[in-house]
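**Q** Numbering (our numbering), first residue to last: 38 to 458.
Cβ atoms here follow ideal geometry from the backbone N, Cα and C, with glycine treated the same way.
Because the structure is a prediction, the values reported are computed rather than measured.
Please read through the structure below; I'll follow up with questions.
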């Protein structure tokens, strides 16, 4: 089975004439359409807001186009807050969901007016001491064994994130006594989940908590954030999550538990990253070598430092050989990079057509947690990022690193001998 591409081989060959491989190529129209689809699925909820998880694809051009579609930004670090600020996202357009957080990060979030989502009970006092308590605060809930996670995010009870249920009640009581006026509730219990019912049950869980907190503490939640985690079909045989079905499922639970009560209206938020940009990003690389020993290998000019998900998680990413999509896939190969690590593989025992030196390979579904997770082991340089506009034109949105970048942070001045140039 094959996966479709939003461009043809000739288009990519023209791009390669200007921008050497490897590079990331993002489809703007696809990102916009996905964002619109999610917004449409929750149009029944007037306060719905998707806060794009910046960590998935931290590029200002991407943030700007998603902001144009009405999305906010979910940030987890000082750098992500500053990136969002530079494209004009401030105030409650920002969620700050971090963990093991330092005071200077909280100060920046507070200065921007972001919604601060605390990860631990002890952070209430820490925030109060270093920044002060804002009028609006949110807590991240970890349901522990009461809820089952999935293979990527793991078991909630083994995760380092969030409050227990008992800590939630203690924390909200503390905030109320301290004069905090506005409250939110957040959770995140899955990653890359393809079962849409999972998110409906997440809504049921947080709605139930919001009801019980109101009944016991008299605290009315202004919003609940269902987190992200909507998966994408990395494999050709998988199906995308039906967003309309998820939206309508959450509506049914809302109508049964919240509508007509003192908590109505209750805003619903999400913080998807992978689903918004993942299917619309492609790592383009060139075949440079073949190796035939105990297995057959195709060597490419990208490596795990460009896309670490296969090496880190054993994750599947579909690969197309441009111009040979319909050729017989009768060669079983490992597709590898040049790192001094044996897990530097984009595919293992993958059936592909005959790959010749100079062929262009496209690695699909790399638009989230791809370039963002890059690194420089072996002195490898992070590659360029390109944005394909709806009219077919291509814009460079991040240049490739150079060796000058790699050496820029090193100080040779203390060496006995000056380095040769």
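#1: If distances are taken between C-alpha atoms only, which option among 113, 164 and 352 comes closest to residue 269?
#2: Expressed to the nearest angstrom, what Euclidean distance is found between the alpha-carbon atoms of residue 282 and residue 442?
#3: Check the DSSP bridge columns for residue 175 and list the partner residues they point to.
#4: For the alpha helix (DSSP H) containing residue 357, name the first residue and the last one.
#5: Please go through the same chain and pick out, in chain order, the residues whose beta-carbon is closer than 7 Å to the beta-carbon of residue 136, but skip the five residues on each side of it.
#6: Look up residue 64 in the DSSP assignment and say whether it is helix, strand or coil.
#7: Which residues mark the beginning and the end of the beta strand (DSSP E) in which residue 111 is found?
#8: Sorted by chain position, which residues of the same chain lie with C-beta nearer than 8 Å to residue 387's C-beta, five sequence neighbours on each side aside?
#9: Count the other CB atoms within 10 Å of the CB of residue 224; is the residue buried (16 or more) or exposed (fewer)?
#10: Decide if the stretch 307-323 is in contact with the stretch 58-65; the criterion is three or more beta carbon pairs, one per stretch, under 8 Å apart.
#11: Buried or exposed for residue 262, please, with buried defined as at least 16 other CB atoms from any protein chain shown within 10 angstroms of its CB.
#12: With distances taken from CA atoms, which of 331, 266, 384 and 366 is nearest residue 346?
#13: Specify the secondary structure class of residue 346 as computed by DSSP and reduced to three states.
#14: Between residue 405 and residue 315, how many whole angstroms is the CB-CB distance? I'm expecting something under 8 Å.
#15: Of the residues 201, 158 and 285, which one's Cα is nearest the Cα of residue 181?
#16: Apply the 10 Å Cβ neighbour rule to residue 350 and answer buried if 16 or more other Cβ atoms are within range, or exposed otherwise.
#17: What first and last residue would you give for the alpha helix (DSSP H) that runs through residue 146?
#18: Go through its chain and collect everything with a Cβ distance to residue 395's Cβ below 7 Å, but skip five positions before and after it.
#19: Look at the alpha carbon of residue 274 and the alpha carbon of residue 166, and state the distance between them as a whole number of angstroms.
#20: Spell out the partners DSSP gives residue 85 in its beta bridges.
**A** Taking the geometry as given:
#1: Of the residues 113, 164 and 352, the one whose Cα lies closest to the Cα of residue 269 is 352.
#2: Going from the Cα of residue 282 to the Cα of residue 442 covers about 47 Å.
#3: Listed as beta-bridge partners of residue 175 by DSSP are 154 and 221.
#4: It is not in any alpha helix (DSSP H) - residue 357 instead sits in the beta strand (DSSP E) that spans 356-358.
#5: Close CB contacts of residue 136 within its chain, under the 7 Å cut and outside five residues either way in sequence, are with 156, 197 and 198 (chain order).
#6: Three-state DSSP puts residue 64 in a strand.
#7: Where residue 111 is concerned, the enclosing beta strand (DSSP E) stretches over 109-112.
#8: So the qualifying residues of the chain are 356, 369, 370, 371 and 372.
#9: The residue in question, residue 224, is buried, as its Cβ has 16 or more Cβ neighbours within 10 Å.
#10: The stretch 307-323 makes contact with the stretch 58-65, as at least three CB pairs between them are under 8 Å.
#11: Label assigned to residue 262: buried.
#12: For residue 346, the nearest C-alpha among the options comes from 384.
#13: In this structure, residue 346 counts as helix in the three-state DSSP scheme.
#14: Indeed they touch by this definition, with Cβ atoms about 4 Å apart.
#15: Ranking the options by Cα distance to residue 181, first place goes to 201.
#16: With fewer than 16 Cβ atoms within 10 Å of its Cβ, residue 350 is classed as exposed.
#17: Run containing residue 146: 140-149, per the alpha helix (DSSP H) assignment.
#18: Hits under 7 Å: 323 and 324.
#19: Inter-residue distance for residue 274 and residue 166 is about 52 Å (C-alpha atoms, whole angstroms).
#20: DSSP lists no partner for residue 85.
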